[in-house]
């Protein structure tokens, strides 16, 4: 049986408190910001939120510093929860921390928000050139705004978990700097070639693959 349809998100300020007050609210990921969905649930009196992926995000999970108790689930778990909600007149749920899990598959994968190629406009362009760590990265954080970046967030932290090219770019830049220091005779094009031609692929659709700086350091095949 196909999963229940995904209703469109309600306009800001229209989540009915009489329906969600004191309850754990299931929200579909997408359209508006993940943390903003949590604010809407909190402002309506919700006790917590489960943010469920749709087909657009698949099984990718992005950590967020929500302003209420919340968790995220992939599309498969989300579809199961949606089916449960539609089949039980009195559904119940809890959010429990099960501890840190390592070796979880399908990691590593290209993030759902990452650019891809080739496409109909540029069929000869294969992207991404490289895959680098860019999702759920622990990094230093400014003290001028809260971890969500929202005006309503008064919390202040020294570190935050961040995702995006603002995380993957520093990883690649740092590795390029290491190669430049180890091989000062290499040109920028040579460094790029070394990184791309020594990357490894753990799954289809990843461009040249995942960075492997140790192999790139010993690379012998370079453009002239």
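In full-length UniProt numbering, the protein residues as written are 1 to 224. Even for Gly, the Cβ is constructed at its ideal location relative to N, Cα and C.
Checklist line | At least 3 beta-carbon pairs within less than 8 Å: the segment 45-54 vs the segment 157-174 | finding: No, they do not touch.
Item checked: C-beta atoms of residue 95 and residue 48 nearer than 7 Å -> The answer is yes: Cβ separation under 7 Å.
Next item on the list: Please work out which residues of its chain come closer than 8 Å, Cβ to Cβ, to residue 67, disregarding the five sequence neighbours upstream and downstream, and give them in chain order.
Entry: If the five residues before and after residue 67 are omitted, its C-beta is found closer than 8 Å to the C-beta atoms of 35, 38, 39, 42, 148, 150, 152 and 153, all from its own chain and listed in chain order.
Checklist line | Close Cβ partners of residue 213 (< 7 Å) along its chain, the five nearest in sequence each way excluded | finding: The residues are 175 and 178.
Checklist line | Reduced DSSP secondary structure (H/G/I, E/B, other) of residue 134 | finding: Three-state result, residue 134: coil.
Notebook entry, point to check: Cβ of residue 211 within 7 Å of Cβ of residue 130?
Noted result: Against a cut-off of 7 Å, the Cβ pair of residue 130 and residue 211 comes out as a contact.
Next item on the list: Helix, strand or coil for residue 44, going by three-state DSSP, please let me know.
Entry: DSSP places residue 44 outside both helix and strand once states are collapsed to three, so it counts as coil.
Notebook entry, point to check: Ends of the beta strand (DSSP E) at residue 73?
Noted result: Its beta strand (DSSP E) spans residues 70-73.
Check: Exposed or buried, which one is residue 128 when buried takes at least 16 other CB atoms within 10 Å?
Finding: Around the CB of residue 128, 16 or more other CB atoms lie within 10 Å, so the residue is classed as buried.
Check: Do you know how far the Cα of residue 32 is from the Cα of residue 15?
Finding: In this structure, the CA atom of residue 15 is about 14 Å from the CA atom of residue 32.
Check: By DSSP, does residue 179 sit in helix, in strand, or in coil?
Finding: Residue 179 falls in the helix class under three-state DSSP.
Checklist line | Straight-line gap, residue 71 to residue 46 (C-alpha atoms, nearest Å) | finding: For the pair residue 71 and residue 46, the Cα-to-Cα distance works out to about 14 Å.
Margin query: According to DSSP, simplified to helix, strand and coil, what is residue 125?
Written below: The DSSP-derived three-state label of residue 125 is coil.
Item checked: For residue 199: DSSP bridge partner residues -> BP columns for residue 199 are empty, so no partner.
Margin query: The alpha helix (DSSP H) that contains residue 20, what's its start and end?
Written below: Segment 17-20, the alpha helix (DSSP H) holding residue 20.
Next item on the list: Kindly indicate which residue of 22, 156, 58 and 135 has the alpha-carbon position closest to the one of residue 144.
Entry: Checked all of 22, 156, 58 and 135; the closest Cα to residue 144 is 156.
Next item on the list: Mind checking who residue 161 pairs with in its DSSP beta bridge?
Entry: In the DSSP output, where bridge partners are listed per residue, residue 161 has 138.
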